[in-house]
Amino acid sequence: MNKENDQKTSPLKADAPLLLHLELTNSWSSKEETQLLMQHADATKRGTITRDILIPAEMTLHQLHYAIQRLFGWQNSHLRAFRLDEKDYLRLTQVRVRPWSKLVGVLFRGIGTDLDDQFWDDDYLDGNIKNWLKKKYTGPVVDGSYTEDFEIAQVSIRELIQRFPVIDVKESFHDYYERVKDLTVRPEESSKTIRTAPILDLTIAELETAILFDSSFDELLERLTVKTVLGTKNQRLADFDELTQTFDDRVPRPVTKNLIYNYDFGDNWIVEITRHANINTLPEQDNLNEDWLYEAMAIVNAKRKPVCINKKGGYVMDDVGGMGGFASFLATIHQSPDAAERQELRAWATAMGWSNRKIDLAKML
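Positions 264 to 628 (this note's numbering) are the ones given, in order, by the sequence shown.
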């Protein structure tokens, strides 16, 4: 990038748009699948698909979810969750129930979240889904979710403790299997009780083994702003004491430098989100247009909508089987000798909203 212009190399101001890098990860694909993704989906050398976007400083995780859906070609048809980077989740909770419970309503959702409330504005019925998505991530923040309220989230913890003050801690399925795999006659009990303890003295894994929950303990509140949760590379992160000593249930400073977006827990799409401190930390790419970058800043400030300023890779789709399944799809439509198979699969993908046409940055969001 041209670094001679001081205006174009200065850090973004505190109230300026946030500059995010989103990477649709590819942890499990083979070398052959990665090559297919590079050849037919313009993926990176790691087989990942990336987006760099500018977002309004007040944008919430809830709004960002809808923007991510459109950026990567999904249609909001599966469950999703935002999560902390694993090391930050461990740092803040020690993966134990007591410290985690104190962060419920501050960072994390409570127990037994009402799914109807959690997805209160997933009200798409028909018409152009891209236009519907756009309405969800553009403009002022609208929060109609009551279960993300601090007090209501904390009530869910108190009710859990009242109902299960003491828990029988069971061995894990792995430990059970290892114990019985060589036995000719298996014991009657499916797993044995290791110990009995107050619920707040358990690890989260022990609690999950003892009781079946509808959601996981690490799901972030979507009312939180991206700026609140996600810090830049050089920012100091909030620690447990800072988070629990606030009296207005606000997060005093960012808590992670690598935010995780998990979509469709079956296909298990993972988007890793990082935040640039200034435009000079954007990757050096030949197709990065500085004039478009500053035009995009003006659009974000004027219209309070996110704008994509850079991308690598095309769209994926729902129900294709993750990155490995997407690579298999690409192999079929480009390499299968069966013309009918190629046509049938393309027709299905089109019905799922997929397109392999060149993407214009200005029209991505």
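Cβ atoms here follow ideal geometry from the backbone N, Cα and C, with glycine treated the same way.
- Burial of ALA612 is indicated by the presence of at least 16 other C-beta atoms within 10 angstroms of its C-beta.
- Taking all protein chains shown into account, THR537 has 16 or more neighbouring C-beta atoms within 10 Å of its C-beta and is therefore buried.
- Looking at the backbone, the Cα of ILE457 and that of GLY375 are separated by about 26 angstroms.
- Where LEU327 is concerned, the enclosing alpha helix (DSSP H) starts and stops at 324-335.
- Less than 8 angstroms separates the beta-carbon of VAL489 from that of LEU324.
- Under the 10 Å beta carbon count, THR447 is surrounded by fewer than 16 other beta carbons and is classified as exposed.
- Around the Cβ of GLY368, a 10 Å sphere holds 16 or more other Cβ atoms; the residue is buried.
- If you look at VAL579, you'll find it isn't in any alpha helix (DSSP H); DSSP assigns it neither H nor E.
- Proximity of the stretch 343-351 to the stretch 603-610 falls short of the contact definition, fewer than three beta-carbon pairs being nearer than 8 angstroms.
- Per the C-alpha coordinates, the member of TYR557, ALA565 and GLY584 positioned closest to ILE572 is TYR557.
- Listed in chain order, the non-local C-beta contacts of LEU487 below 6 angstroms within the same chain comprise LEU324, local neighbours out to five positions each way being set aside.
- By the criterion of at least three beta-carbon pairs nearer than 8 angstroms, the stretch 422-437 is in contact with the stretch 454-473.
- Considered as a whole, the stretch 422-450 harbours 436-443 as its complete alpha helix (DSSP H) runs of no fewer than 4 residues, in chain order.
- Between THR401 and LYS574, the C-beta spacing is not below 8 angstroms.
- A contact between stretches requires three or more CB pairs, one per stretch, nearer than 8 angstroms, and the stretch 356-368 meets this requirement with the stretch 496-507.
- ILE374 is bridged by DSSP to nothing; it lacks a bridge partner.
- Nearest C-alpha to LYS393 among ILE596, ASP582, GLY336 and ASP305: GLY336.
- Between LEU366 and ILE316, the gap from beta carbon to beta carbon reaches 8 angstroms or more.
- The Cβ atoms of ALA330 and LEU593 do not sit closer than 8 angstroms to each other.
- Across the structure, ALA610 and SER618 are spaced so that their CA atoms are roughly 11 angstroms apart.
- With a cutoff of 8 angstroms on beta-carbon distance, PHE371 and ASP512 are scored as not near each other.
- Going by C-alpha positions, THR519 is about 18 angstroms away from THR509.
- Residue pairing by DSSP places PRO569 opposite no residue, since no beta bridge is assigned to it.
- According to DSSP, ASP315 shares a beta bridge with HIS284 and ASN573.
- For THR297, the enclosing alpha helix (DSSP H) covers residues 294-304.
- If you check the CB distance, LEU334 and MET627 come in under 8 angstroms.
- For PRO403, there is no enclosing beta strand (DSSP E), as DSSP marks it with neither H nor E.
- In the displayed model, ASN531 falls within coil according to three-state DSSP, outside both helix and strand.
- Excluding five sequence positions before and after THR307, the CB atoms of its chain that fall closer than 6 angstroms to its own CB belong to LYS575, given in chain order.
- Its chain contains TRP395 as the residues whose beta carbon lies nearer than 6 angstroms to that of TYR387, once the 5 sequence neighbours on both sides are disregarded; these appear in chain order.
- Residue pairing by DSSP puts PHE345 in a beta bridge opposite TYR524.
- Residue pairing by DSSP puts VAL367 in a beta bridge opposite PHE371.
- One thing to note: VAL404 has its Cβ within 8 angstroms of the Cβ of GLN326.
- Straight-line measurement puts the Cα of SER454 at about 49 angstroms from the Cα of ILE318.
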